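Residue numbers (the numbering used here), protein chains in the order written: chain X, 35 to 316; chain P, 1034 to 1411.
Here is the structure we will look at.
Have a look at this one:
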């Protein structure tokens, strides 16, 4: 779009200044988190920006003091189960919605989209009661264990929507060719479509991963011992207990942030592209 | 025929797991919440008490009836004015009827609302108020700034990818971690970043997240007005809430920018070429080409933001302090407290159901008000 003529010079510089300012504003909290996590307790109370000496033991201290090892492991297990389940179920649901003819398809899709409009705040209370009921009825534990933390989120309307968009755009010849080769829907989906879905699956998986890592209200409700509590709950409790220990809080925040940012940097291209698609009409 | 039946079976079989989960934990809760709200319900189901919870929450039914009638007459007025037959020749009579309906609506509401506020649950109405402040403080600012950033990024020929990754960082960072960071940034301690920044500007230290006085009150106080009426504190957001709003803006601007950027990229270039040939100025291009063509994306983002306002919980739960009192307690916090602290599932379900109805009404309203102005092309 940038034409040769372009806008006058000062607007160009002005807009670049705006961008850079925005970038700095986006970064400051991260920089502060990192810097403060290496400070001594005294330094966090004085008006210091850069620690005189890097206090690496803050991380060790926070890790041990807040039992982050356990919470971290819990969060990883919960995330893996939830992401795996969501990807599988959402892909399986998106496939017929995108590529098969059956009665009631549009109605089913409309119902799925309707769940997007209902925030978790509304469903939280009844879902808690449902889980309590399941806990009492079923032979294995739901409350204070992984099923309560993962099963209610095993399918997501947003994921189904995104995957359906992608599947609809696949060429129709693929299915014709597969059918001539004698493949059924199941084989077609898992052997041919699945490998093609790398980018949207990464997007949807990242999205689910962030959601699972962020969950706070729900884990607070359905866990009562630290056995299955995720890192969000661990950090929240650590912060409300530790009081003034800013440097340890920041170290804890860095620990909790690390896996998510790592995953983001690994797949950032696919993810930003995929998320961008969600705002376009399809 | 047999083959077709098999296809149906496969389709439903594929969808079954997702549909079961979404039905059980996405749609069923609406009906279940209403059912639970009609009972006394702590750990287990107890006596059926009908609408008692709703009376406790919303207040005296008489006042609520006035309020409801007021809403209905507003709706009637808008229907009356929007009738297709009248749209082009509005006679005096129709204008008079419209004005009358509006006046009746206002009168009914003024009868109902104060009574509801008085006799209903203060936490519910406070929750609505805080949620309203929160939405008003975040959505317009967020979308305007994001629109500006997206336009600049779109027109710049370098660094697009870099800034996109950078602006997206706050959105992908775990809310828990970034909220903890902002808790220390907006702490009342003199060494907090917010206070240091404030000191550079030559202002007095503030209590930020611990401050329950409204920003307007504090500003007036800073200007030397010593005695402010109480409503200045009532009807403006507290400094604690504004701090949380700033956090929310920080998180979502990047997300909005990236999505708007995709929307801008989808506008066909020939529109711009045509405008250039016609000699349109840059503001005219923005107003008549960019804005209408990107409006579906803006509409989508505003919907996401409104739903997000009602969802907002994690960061508020972490950033709320005893000092802020209830000035940051949005509805989701109030509902959670009801369940988590007071173990009153019946009443919590009642509040959740009221919230659901409010969201439903708001979504329909938003669709009606904005949906028509969105340009979806041919």
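Every residue, glycine too, gets a C-beta built ideally from N, C-alpha and C.
Keep in mind it's a predicted model, so treat the numbers as computed, not measured.
Under the DSSP definition of a beta bridge, which residues are partnered with residue 1081 of chain P?
-> P/1072
Terminal residues of the alpha helix (DSSP H) in which residue 1311 of chain P lies = From DSSP, residue 1311 of chain P is part of no alpha helix (DSSP H); its letter is neither H nor E.
Skipping 5 residues on each side, what residues in its chain have a beta carbon closer than 7 angstroms to that of residue 1203 of chain P?
-> 1211, 1283, 1284, 1287
Hey, how far is the Cα of residue 1425 of chain P from the Cα of residue 207 of chain X?
-> Because chain P is modelled from 1034 through 1411, residue 1425 of chain P falls outside the range shown and cannot be assessed.
Buried versus exposed call for residue 1095 of chain P [16 or more other C-beta atoms within 10 Å across all chains shown] = exposed
Where does residue 1211 of chain P sit, in a helix, a strand or coil, going by DSSP?
-> helix
Tell me, which residues are paired with residue 1247 of chain P by DSSP?
-> P/1271
Give me the Cα-Cα distance between residue 195 of chain X and residue 147 of chain X, rounded to the nearest whole angstrom.
-> 8 angstroms
Between the stretch 1311 to 1344 of chain P and chain X, which residues of the former have a C-beta closer than 7 angstroms to a C-beta of the latter?
-> 1315, 1329, 1330, 1333, 1334, 1340, 1343, 1344
At a Cβ threshold of 9 angstroms, is residue 1069 of chain P touching chain X?
-> yes
If you run the structure through DSSP and keep just helix, strand and coil, what is residue 1377 of chain P?
-> coil
Taking the alpha carbon of residue 1336 of chain P as the point to measure from, which residue in X/51, X/150, X/268, X/86 has its own alpha carbon closest?
-> X/150
CA-CA distance, residue 1124 of chain P and residue 1169 of chain P?
-> 36 angstroms
From X/272, X/295, X/257, X/215, pick the residue whose C-alpha is nearest to that of residue 112 of chain X; which is it?
-> X/257
Buried or exposed for residue 215 of chain X, please, with buried defined as at least 16 other CB atoms from any protein chain shown within 10 angstroms of its CB.
-> exposed
Is residue 270 of chain X closer than 9 angstroms to residue 1351 of chain P when the C-beta atoms are compared?
-> yes
Measuring CA to CA, which of P/1349, P/1197, P/1344, P/1316 is closest to residue 1289 of chain P?
-> P/1197
Would a C-beta distance cut-off of 9 angstroms place residue 219 of chain X and residue 1043 of chain P closer than the cut-off?
-> yes
Comparing alpha-carbon positions, which option in P/1108, P/1360, P/1075, P/1153 lies nearest residue 1402 of chain P?
-> P/1108
Looking only at C-alpha atoms, which of P/1077, P/1322, P/1298, P/1186 sits nearest to residue 1304 of chain P?
-> P/1322
Neighbouring residues, chain X, relative to residue 1065 of chain P (Cβ below 8 angstroms) = 160, 163, 164
Does DSSP classify residue 1205 of chain P as helix, strand or coil?
-> helix
Assign residue 297 of chain X to one of two classes, buried (16 or more other C-beta atoms within 10 Å of its C-beta) or exposed (fewer than that).
-> buried
Within-9 angstroms CB hit, residue 124 of chain X to chain P | yes
Assuming residue 301 of chain X contacts residue 240 of chain X (C-beta within less than 8 angstroms), just tell me the rounded distance between them.
-> 6 angstroms
Excluding the five sequence neighbours on either side, which residues of its own chain have a C-beta within less than 7 angstroms of the C-beta of residue 259 of chain X, listed in chain order?
-> 178
Alpha carbon of residue 1230 of chain P to alpha carbon of residue 84 of chain X, nearest angstrom = 16 angstroms
Inter-residue Cα distance where the pair is residue 1329 of chain P and residue 233 of chain X = 24 angstroms
Is the shortest distance between the beta-carbon of residue 260 of chain X and the beta-carbons of chain P less than 9 angstroms?
-> no
Keeping to the same chain, check which residues put their C-beta closer than 6 angstroms to that of residue 311 of chain X; ignore five residues upstream and five downstream.
-> none
For residue 1233 of chain P, count neighbouring Cβ atoms within 10 angstroms of its own Cβ and tell me buried if that reaches 16, exposed if not.
-> exposed
Kindly say whether residue 179 of chain X, judged by its beta-carbon, lies nearer than 9 angstroms to any beta-carbon of chain P.
-> no
Interface residues of chain P around residue 298 of chain X at Cβ under 7 angstroms?
-> 1205
Could you tell me whether the Cβ of residue 154 of chain X comes closer than 9 angstroms to any Cβ of chain P?
-> yes
Please check the pair residue 197 of chain X and residue 128 of chain X, which I expect to be a contact at CB under 8 angstroms, by giving their CB distance rounded to whole angstroms.
-> 4 angstroms
Comparing alpha-carbon positions, which option in P/1189, P/1049, P/1143 lies nearest residue 143 of chain X?
-> P/1049
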